[in-house]
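Enquirer:
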Amino acid sequence: MIAFIRTWLPIMVCSSGLLILAIRRDLNGLEAACALVGAGLSIWLLNFFYRVGVTGDRERDDEDAAREYFSRHGRWPDEDPPG
Numbered sequence: 002m003i004a005f006i007r008t009w010l011p012i013m014v015c016s017s018g019l020l021i022l023a024i025r026r027d028l029n030g031l032e033a034a035c036a037l038v039g040a041g042l043s044i045w046l047l048n049f050f051y052r053v054g055v056t057g058d059r060e061r062d063d064e065d066a067a068r069e070y071f072s073r074h075g076r077w078p079d080e081d082p083p084g
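Heads up: the sequence shown runs through residues 2 to 84, numbered per the working numbering.
1. Between the stretch 65 to 82 and the stretch 32 to 44, are three or more C-beta pairs nearer than 8 Å?
2. Can you give me the start and stop residues for the alpha helix (DSSP H) that Trp45 sits inside?
3. Give a yes or no on whether the minimum CB-CB distance between Glu32 and chain B is below 8 Å.
4. Quick one: using the 10 Å Cβ neighbour count with 16 as the cut-off for buried, is Gly41 buried or exposed?
5. For the alpha helix (DSSP H) that contains Pro82, what are its first and last residues?
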């Protein structure tokens, strides 16, 4: 379901706009095509911003886990143990 929303929904909305432009070659067709292509690109852009935000949360969680590991063991998780 998520792959559909992230990938196929924007493609389908933009494609329907291009299809309307191909069928109706007047000003109304152009306006409808621009509106649908804009809506499809907006869906894609919102998904992109969401993924960028989620990636930042994951990186922050990884950094918090590394700091907690450092507090417990006195070394960073990617360092070799002394010895």
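From the three backbone atoms N, C-alpha and C, an ideal C-beta is built for every residue, glycine too.
Values in this document were obtained by computation on a predicted structure and should not be read as measured data.
Expert: Let me lay it out:
1. no
2. Counting along the chain, the alpha helix (DSSP H) containing Trp45 begins and ends at 28 to 74.
3. The structure shown contains no chain B; it holds only a single protein chain.
4. buried
5. Annotation for Pro82: no alpha helix (DSSP H) segment contains it, and DSSP assigns it neither H nor E.
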